[in-house]
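Take a look at the structure below.
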Amino acid sequence: MNSPKNFFIIFLIFSHLSWANNLPDLGEFSDQFISPYQEKMIAREILYQVHSSPEVVQDEEINDYLNYLGDKLVSNSDAPQRDFTFFVLKDDAINAFAMLGGLIGVHTGLFISADNESEIASVLGHEIAHVTQKHLQRVIAKQDRDKYKSIFLLALGLLAARSNPQAAAGAMMASQAMNVQNFLDYTREHEQEADRIGIDILYKSGYNVGSAIDFFNTLQKGSRYSSSAPSYLRTHPITSDRISDISDRLKDYPYRYTNNSNYFHFIRGKVRALYSNDNNIKTFEKNIKNKTYVNLEGEQYALALAYLKDKKINDAEKIYSNLQKEKNPLIDNLHIDILLQKKEFAEAKKELEKLLIKHPFYRAFVYRLAEVNLSLGNYSEVKEMIEQYIFKYRSDPNLYKLLAKAFKGLNKNIEYHENMGEYFYYQYNLKDAIVQFGIAKNIRSNDFYAKSRVESRLKQLQAEQLMLEEGRKNR
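Each residue of the sequence shown is one higher than the one before, counting from 1 in full-length UniProt numbering.
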């Protein structure tokens, strides 16, 4: 986590652990210092920032792909029941990082630099190992109390500088960012342990373990042509001893050829076209013309998205006609994008209904069909569809927001505020959730069931808020 924009995360870690009148005695085990409850609360605060930050990619196709890949790896770790959350930051720096609470952040630069899914998986496996082995807890638990408090104050200053770019002390605080990073750096033993366990996770998940070395070689090769090493090499230093150790471990695993589907390359193309600085139409056109691409279809898909972003609908449609043979939901969604830009809403609705029969749980199609129906005024249709999906995906905030829009169209104000409350709640914004339920409670209505439901839920949220406040006082 080298870039200053990530230091709000560090602030959250320390603000929950250090600002108590009496710090706990540091025992041999990290659990004595950071309880599971504290870790859960830290994760909750970080997730609130994740959901509200413009620096985090809010794209269901990219996020679903990353979480699918992450969950697959976690299921083959030594903590398969542990909850993990994976998210993507809009940052072309090549980096990934693990945090308390099973949270793993991935920079868009990691997608751009990887040649295949196995390379991305090798990095995720390594970060998962950092979490399962509690490396961050071990690092924090070893710090003395005075340094602990000074790091907290520094992180607080960094947060203030980030929130107010005009602050005179901003530049000074940013220059001290590395002090915080050094505090959180893993030891050589931690890195070796994460390498060993990560490789085992990678193999058990069906990937080519040689990708771990391939990715490091790619990073080191790229750093020869720039003034500084990629962020991942700085936060996870690659020494000759470490590479030698990894190479020796790989000998214990048989060679495995993995046939990477185009799905990874389409996701990579979407990241490049929409969420990175590597999104110039001329660049994609030149790569295709000169055959300087990792994957032709992925490059064409990125170009099509870049065309659409630039309102060149006809050019995007020509590429879609060549890619539709792929039979991939990402390509199907490209077609929906084209139809919507052409304002062919009825045709988009018909296509989305067909697609949801083939892919009933593909969130991008669920969201798009709901939005199309909302634009067509089909509020009851949206209500019925989204209520079915909420029954299965109860913690998806976007579903509640769509349902709230449907209720607003139906002039059901209690239900509108009720569902906006759930939207904020599942974005970890308890304060605004309580406000929405308070508004719903005060609306005059003869619907006794709705009023009782809202009042009961409001009491639950208020009790949860009180519990959180008491927990902070006791830390």
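Built from N, CA and C at the ideal position, the CB exists for glycine as well.
CB-CB under 7 Å to L399, same chain, minus the five flanking residues each way: which ones, in chain order?
Counting only Cβ-Cβ distances below 7 Å, and skipping sequence neighbours, we find I386, Y389, I390 and Y393.
Apply the 10 Å Cβ neighbour rule to D447 and answer buried if 16 or more other Cβ atoms are within range, or exposed otherwise.
D447 should be labelled exposed.
Would N208 pass as a contact of R256 if the rule is Cβ separation under 8 Å?
In this structure, N208 lies near R256, with their beta-carbon atoms less than 8 Å apart.
Sorted by chain position, which residues of the same chain lie with C-beta nearer than 6 Å to V123's C-beta, five sequence neighbours on each side aside?
Same-chain partners within the cutoff: A96.
Beta-carbon spacing of G409, L374 below 8 Å:
L374 is positioned such that its CB atom lies closer than 8 Å to that of G409.
Among F266, E55, V372 and L458, which one has its Cα closest to the Cα of E344?
Scanning F266, E55, V372 and L458 for the CA closest to the CA of E344 turns up V372.
Pick from S395, E193, E117 and K134: whose alpha carbon is nearest that of S211?
Nearest neighbour of S211 by Cα position, chosen from S395, E193, E117 and K134, turns out to be E117.
Check whether the Cβ atoms of A306 and I281 sit closer than 8 Å, and answer yes or no.
Result yes, Cβ atoms of A306 and I281 sit closer than 8 Å.
Check this for me: beta carbons of E415 and A450, under 8 Å apart or not?
With contacts defined as CB atoms closer than 8 Å, E415 and A450 qualify as a contacting pair.
State the DSSP-derived secondary structure class of K459, mapped to helix, strand or coil.
The answer is helix: DSSP assigns K459 an H, G or I state.
In the DSSP output, which residue or residues are listed as bridge partners for F86?
In the DSSP secondary-structure assignment, F86 is bridged to I104.
Using the three-state DSSP reduction, which class does F266 fall into: helix, strand or coil?
F266: helix per DSSP, three-state reduction.
Here's a check: name, in chain order, each residue in its chain whose Cβ is nearer than 7 Å to the Cβ of F284, leaving out the five neighbours to either side.
The residues are E299, A302, L303 and A306.
By DSSP, does F361 sit in helix, in strand, or in coil?
Here F361 sits in coil by DSSP.
Given a threshold of 16 other Cβ atoms within 10 Å of its Cβ, counted over all protein chains shown, does Y367 qualify as buried or as exposed?
By the neighbour-count rule (16 or more Cβ atoms within 10 Å), Y367 is buried.
Whose C-beta lies closer than 7 Å to the C-beta of L73 among residues of the same chain, with five residues either side of it excluded?
Cβ neighbours of L73 beyond the five flanking positions: A121, L124, G125, I128, I201 and S205.
Can you look up A406 in the DSSP assignment and give me helix, strand or coil?
Looking at A406 - three-state DSSP - the assignment turns out to be helix.
Using the C-alpha atoms, what's the distance from Q81 back to E470?
The alpha-carbon atoms of E470 and Q81 are separated by roughly 29 Å.
Helix, strand or coil, according to DSSP, for V382 in the structure here?
V382: helix per DSSP, three-state reduction.
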